[in-house]
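In terms of the working numbering, the sequence shown is numbered consecutively and its last residue is 718.
Below: the structure, in structure tokens.
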Amino acid sequence: MSNFKAVLISRDEDKKQSVEMTEISTDDMMEGDVTVAVEATTVNYKDGLAITGKSPVVRHWPMVPGIDFAGKVLESSNPNFAEGDDVILNGWGVGETHWGAYAERARVNGDWLIKRPDGISAKQAMSIGTAGYTAMLCVMALESHQITPDRGPVIVTGANGGVGSVAISILSKLGYHVIASTGRTDEEAFLKELGAAEIIDRNELSEPGRPMGKERWAGGVDAVGSHTLANVLGQTKYGGAIAACGLAQGFDLPATVMPFILRGVSLLGVDSVQAPKAIREMAWSRLATDLDMGKLESLTTEIGFDDLIGAASDIVEGKIRGRVVAMM
Ligand SMILES: NC(=O)c1ccc[n+]([C@@H]2O[C@H](COP(=O)([O-])OP(=O)(O)OC[C@H]3O[C@@H](n4cnc5c(N)ncnc54)[C@H](OP(=O)(O)O)[C@@H]3O)[C@@H](O)[C@H]2O)c1
């Protein structure tokens with residue numbers, strides 16, 4: 391194929407951003423040792439920020455956005471991959487500094503790819519996507535801190551979002567009592583179906599609060615940051631831990647050290663973008679066993695390639711529930 395369909399983000403001389411669905415020549419692709427036919431992609435919050443230009447996610451112009459894809463290898467000079475291999479890519483700056491997933495073809499560094507695990511289809515891999523794989527990294531961080539189900543409830547903030555909804559599904563399957571914090575309490579039935587035992591209104595946590603409050607949870611997955619994370623930390627039980635991965639409310643952390651020094655609470659940072667390959671492979675193999683694929687299906691909305699630009703705006707406006715998958 392000499393031309394293929396892609397979403398392209400460009401900037402004019404005044405740095406005004408525009409986005410279009412266009413055709414790109416294979417001759418113009420960026421460097422890489424593996425070329426992949428993209429079969430499925432997804433819409434993460436970061437993709438929304440890139441396409442709307444709301445945050446400076448894109449750092450090379452023009453850019454094909456999309457931080458996640460599942461596809462089949464077409465050509466490879468990388469010793470670890472051969473034509474026909476089923477692969478997944480999450481992060482590594484793809485869709486930010488290197489042309490990404492919102493295209494029929496992607497050429498990337500083979501070291502960024504992992505083989506798609508048995509038992510996970512291309513659609514399921516993208517239904518999980520960076521959001522779901524990050525949720526798994528958060529759960530693994532809690533486990534490494536010995537936050538087991540018998541220690542008490544765990545809170546998940548941003549519950550209806552991609553990270554939150556997958557985190558609830560995994561944690562409930564592992565036997566945790568999950569408290570889901572959401573601004574969309576009308577989605578209670580959906581969240582309970584995913585496995586949430588209790589729902590709280592996110593307003594309880596999103597305003598400036600006291601440095602410490604009643605001990606309510608042993609651990610948590612926070613996709614929201616800002617006052618929410620500060621309040622979550624202040625209500626964590628003695629010796630508990632919170633895995634922080636997101637900034638949906640804000641990137642600030644207006645907290646005190648009191649939960650850390652009086653209750654021995656730990657704040658566990660989680661990054662998916664540069665996570666080493668061994669940790670990625672462990673997270674994906676855990677997803678194959680610890681995520682209920684029926685629940686994954688129920689939190690997934692399928693769209694077409696042509697709907698990607700609109701869905702990217704929707705996610706920034708908080709209109710998307712769960713995960714969105716686009717099949718090529
Ligand atoms: N560290 C990493 O490597 C990594 C990887 C993936 C994602 N992230 C970050 O994690 C966050 C979540 O990603 P996502 O893909 O799950 O996004 P998402 O699908 O848009 O979900 C974010 C959720 O946060 C809640 N929320 C939105 N605005 C809020 C506000 N002002 N105050 C409180 N809650 C708010 C909403 O949940 P409710 O409607 O239920 O309230 C929303 O659904 C993003 O900040 C993303 O950048 C980081």
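Yeah, the Cβ is synthetic: ideal placement off N, Cα and C, and Gly gets one too.
Fair warning: this is a prediction, and the values are worked out from it, not measured in the lab.
Coarse secondary structure for residue i, derived from DSSP in three states
i    : result
M411 : strand
T524 : helix
E494 : coil
A716 : strand
L652 : helix
G659 : strand
V647 : coil
K395 : strand
A427 : strand
E692 : strand
I545 : strand
Where residue i falls, given that 16 or more other Cβ within 10 Å makes a residue buried
i    : result
M526 : buried
V426 : buried
Y523 : buried
G509 : exposed
K406 : exposed
W451 : exposed
K604 : exposed
N593 : exposed
A521 : buried
Cα-Cα separation between residue i and residue j, rounded to whole angstroms
i    : j    : result
R449 : G542 : 42 Å
I569 : V546 : 6 Å
D612 : E410 : 33 Å
L689 : F580 : 8 Å
V484 : N499 : 10 Å
A701 : I710 : 8 Å
I399 : D476 : 27 Å
N470 : E671 : 14 Å
A645 : A634 : 14 Å
D437 : D642 : 21 Å
D697 : E486 : 20 Å
G461 : R401 : 29 Å
H488 : S562 : 36 Å
I590 : R653 : 23 Å
Cut-off 7 Å between Cβ atoms - residues of its own chain near residue i, not counting five sequence neighbours on either side
i    : result
A472 : V463 and S466
T431 : G456, D458, F459, A491, Y492, M516 and A716
T442 : A702, S703 and V706
Sequence-distant residues of the same chain with beta carbon closer than 6 Å to residue i, five excluded per side
i    : result
N550 : T572, R574, E577 and R711
M453 : I399
- Query: Taking only runs of the alpha helix (DSSP H) that begin and end inside the region 562-641, which ones reach a length of at least 4 residues, in chain order?
  - Reply: As far as the region 562-641 is concerned, its whole alpha helix (DSSP H) runs of at least 4 residues are 578-584, 593-596 and 616-624.
- Message: Going residue by residue through the region 435-514, where are the continuous beta strand (DSSP E) segments of at least 3 residues, counting only ones entirely within it?
- Response: As summarised for the region 435-514, the continuous beta strand (DSSP E) elements at least 3 residues long and confined to that stretch are 458-466, 476-480, 495-498 and 503-505, given in chain order.
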